[in-house]
Amino acid sequence: MRGPVLLVNPNKVHPPIAPYALDVLTTALEDAGFEVEVLDLTFRRDDWKTCLHEYFAERSPMLVGVTVRNTDTVYAFEQRPFVGEHREIITEIRRLTDAPVVGGGIGFSTMPFALVEYFGIDYGVKGPGEKILCELAAAIAEGRDTSAIPGLIRNTEHGAVRTPPAFLTVRHGETQQVEATGQFEPRVWQVDRLSVYRRRSGVPNRVDNLQYYRRGGLGSILTKNGCAYRCSHCVEPDAKGTRYGQRELASVVDEMESLAAQGILDQHTTDSEFNLSVAHAKNLLREIVRRRHADPDNPLNSLRLWVYCQPSPFDEEFADLLAAAGCRGVNVGSDHIRPEVLSGWKVTEKGGTYYTFADTERLVRLCHERGILTMVEALFGMPGETPETVRACVEAFMALDATVTGFSLGLRLFPYTPMGMDLAEQCAGVRTVPGLQSNTADGPIVLKPLRMCASPAEYERQFMFDENGNFRLVCYFSPDLLPDPARATDPEERWHGAVTDLWALIDPADHHRVMLPTVEGMSEHDNNYADNPFLTSLGGLGYTGAFWSHWRGREEIMRRARESAESAAQSSHLPTPV
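Numbered according to numbering that gives the first Met the number 0, the sequence shown spans residues 0 to 577.
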């Protein structure tokens with residue numbers, strides 16, 4: 000065995016989400032003959048420095064990989080970055096070891112050149128990392144030059160530079176022009192589609208999936224990588240790849256069976272959307288059903304499946320298969336009702352809108368007929384949004400009577416989303432565009448398109464930092480939602496009025512079935528995931544499954560959590576029994 004290779008999870012956010020990528024990478028590296036260890040700081044967030052010092056006092060890895068799941072909360076009201084905390088951790092790692100450091104992960108892949116330079120690390124990977132990381136580890140172990148490794152980003156004296164693959168096959172043998180920055184590439188070649196990813200629990204120096212499940216309520220499962228659609232606000236086609244890297248069906252179901260055997264019964268798909276490439280999804284469900292019927296003792300008979308979907312494609316056969324496979328809930332990103340708002344926003348690769356609100360209505364009906372819970376989500380504040388379009392959407396979505404309806408307001412922009420790129424072109428480095436906002440901006444936000452920047456890192460940085468290097472997360476909020484243009488200059492006024500207007504559209508009698516955005520002091524309930532008191536209470540009380548499935552009972556759950564905390568506090572002051 001060569002190595003060891005150390006994989007680090009720096010994510011401090013709770014409720015904890017298992018770093019699935021580290022299981023994928025561990026599997027690939029082990030299969031390539033490397034010793035692998037995982038250092039997971041999620042459950043050591045209060046003493047992470049001690050954790051690092053303890054490890055490096057005993058071990059000397061040849062390579063350190065750090066996964067960045069999220070750069071920030073992606074929540075327009077909070078605008079809380081995580082990369083500052085990640086850099087602090089990486090800086091401490093660099094102080095404790097001379098081993099090269101490589102960064103990756105879905106969040107990292109949204110701005111990889113900027114983060115390689117910001118973190119001061121040696122290497123980075125955009126998109127799935129299993130093939131590239133194995134090539135890098137082999138080159139380091141053998142003392143070979145790393146500059147020829149396809150897809151690898153290197154931190155050179157000239158900044159972050161990527162070695163592009165020699166060519167890219169799109170479909171039917173056609174090739175695609177290779178860009179040095181790797182924008183909107185098919186990344187199927189980067190994906191291990193055959194292996195059964197090893198998911199462990201209670202094994203030292205590995206991801207402890209059962210502990211995550213008990214603290215967060217879900218296990219993760221990936222059936223395919225990438226997305227062939229091109230929705231204007233979404234990072235995934237660029238970050239994960241523009242073609243589907245479909246995994247071998249037997250491998251996926253073997254992995255699901257392994258998790259269920261460990262007691263991880265609630266499993267959630269992590270595909271961009273489960274029902275895009277619906278034939279593959281149906282075949283996967285058929286294999287789950289086949290195994291359930293073939294063996295009454297198969298742990299898959301206790302599976303509770305939760306999936307992300309788009310409103311279409313979703314037919315009766317798909318709904319039947321979901322029910323037969325043990326699906327408990329479908330989270331559908333419908334986003335809006337008005338065609339003029341969706342047009343050019345939720346689109347296929349060729350720019351066509353691929354569903355109508357009738358598809359959402361059908362999905363909810365088919366699910367409810369089969370006892371499957373639903374969460375329907377809307378996103379307000381895109382270009383063209385007005386008070387009238389918000390009202391129409393709220394009325395239509397509430398009439399669906401989904402299990403839970405979620406309303407979000409405002410959009411976090413990233414460098415390689417079609418919308419982010421378009422707004423940078425409109426700014427052209429000389430003007431701002433109405434709707435560009437940040438709670439920490441000192442003045443108008445003026446972006447430059449990639450073609451006007453000296454490097455990809457310069458282009459990416461402006462979506463996270465201002466010209467002085469301070470955090471300034473760029474968001475978009477339709478200016479047509481502001482009745483008084485003067486309010487646009489005040490971040491607090493900007494958000495408060497729009498949020499209050501949205502709350503006013505909801506009958507208080509329906510608050511139990513709605514997730515609404517909040518500003519500080521407005522409500523203890525909001526739809527932000529990071530360190531959310533309700534969500535952390537769920538894990539503490541032993542609830543499992545998608546958090547939204549418990550939303551209607553949140554008042555009782557929060558009451559139980561308070562009583563539990565009070566009881567624990569009283570117990571801690573009791574005298575020690577003699």
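The beta-carbon is built from N, C-alpha and C at its ideal position, and this holds for glycine as well.
Roughly how many whole angstroms lie between the Cα atoms of residue i and residue j?
| i | j | result |
| --- | --- | --- |
| V4 | A27 | 12 Å |
| R246 | K223 | 5 Å |
| V23 | H495 | 42 Å |
| N8 | Y542 | 24 Å |
| D465 | F81 | 16 Å |
| L449 | I89 | 28 Å |
| G216 | D144 | 44 Å |
| Y354 | G158 | 43 Å |
| T347 | S563 | 49 Å |
| P60 | R369 | 51 Å |
| L362 | A377 | 15 Å |
| G225 | G126 | 9 Å |
| T279 | E129 | According to the sequence as given, residue 279 is His; it is not Thr. Distance between the alpha carbons of H279 and E129 is about 22 Å. |
| R58 | N10 | 22 Å |
| R68 | L221 | 15 Å |
| T557 | S200 | The question names Thr, yet the displayed sequence has Met at residue 557. M557 and S200: Cα-Cα distance of roughly 29 Å. |
| T237 | I105 | Position check: residue 237 holds Asp in this sequence, whereas Thr was assumed. So the two alpha carbons sit approximately 10 Å from each other. |
| R93 | Y196 | 29 Å |
| L62 | G350 | 42 Å |
| A529 | R198 | 24 Å |
| D400 | R559 | 27 Å |
| D270 | S311 | 15 Å |
| R290 | V473 | 48 Å |
| G103 | N330 | 27 Å |
| A398 | M418 | 30 Å |
| A137 | F33 | 9 Å |
| L284 | G544 | 19 Å |
| Q425 | L435 | 11 Å |
| L21 | D39 | 10 Å |
| K447 | W188 | 31 Å |
Measure the Cβ-Cβ separation of residue i and residue j and say whether it is below 8 Å.
| i | j | result |
| --- | --- | --- |
| Q78 | S437 | yes |
| T70 | M110 | yes |
| Y243 | E272 | no |
| R86 | F118 | yes |
| L480 | G343 | no |
| S250 | L193 | yes |
| S454 | F112 | yes |
| G428 | M463 | no |
| V375 | T388 | no |
| L302 | G325 | yes |
| P298 | A259 | yes |
| T499 | F470 | no |
| F107 | G123 | yes |
| N282 | V37 | no |
| A322 | I371 | yes |
| S333 | H267 | no |
| Y458 | L412 | no |
| A318 | L365 | yes |
| E184 | T241 | yes |
| T578 | P15 | Any answer about residue 578 is impossible in this case: the structure gives the chain only from 0 up to 577. |
| V202 | A17 | no |
| L504 | R390 | yes |
Using the beta-carbon count (16 or more within 10 Å), is residue i buried or exposed?
| i | result |
| --- | --- |
| D441 | exposed |
| V577 | Reliability of the predicted coordinates at V577 is poor, the pLDDT of 44 falling under 50, and the value obtained from them is presented with this limitation in mind. With fewer than 16 Cβ atoms within 10 Å of its Cβ, V577 is classed as exposed. |
| P414 | buried |
| M0 | exposed |
| T385 | exposed |
| A274 | Going by the sequence as given, residue 274 is Asn instead of Ala. It is buried - the Cβ of N274 has at least 16 other Cβ atoms within 10 Å. |
| V659 | Any answer about residue 659 is impossible in this case: the structure gives the chain only from 0 up to 577. |
| R460 | buried |
| V169 | exposed |
| L540 | exposed |
> Is there contact between the stretch 397-414 and the stretch 507-517, where contact requires at least three CB pairs shorter than 8 Å?
Replying inline: yes
>> Is it the case that the stretch 200-212 contacts the stretch 252-271, given that we only count it when at least three CB pairs across the two stretches are under 8 Å?
In response: yes
>> Pairs of beta-carbons, one from the stretch 229-239 and one from the stretch 162-174, closer than 8 Å: are there three or more?
In response: no
>> With three or more beta-carbon pairs closer than 8 Å as the criterion, would you say the stretch 329-347 touches the stretch 551-564?
In response: no
> Mind pulling the beta strand (DSSP E) runs of 3 or more residues that sit fully within the stretch 12-90?
Replying inline: Those beta strand (DSSP E) runs which fall completely within the stretch 12-90 and span 3+ residues are 33-39 and 62-66.
>> Which complete beta strand (DSSP E) runs does the stretch 105-155 hold, if anything under 3 residues is left out?
In response: 122-124 and 151-155
>> My parser needs the beta strand (DSSP E) runs of 3 or more residues fully inside the stretch 165-225; what are they?
In response: 218-220
> Along the chain, which unbroken stretches of the alpha helix (DSSP H) at least 4 residues long are found entirely within the stretch 494-564?
Replying inline: 532-539
> Fully enclosed by the stretch 403-490, which beta strand (DSSP E) runs are 3 residues long or longer?
Replying inline: 403-408
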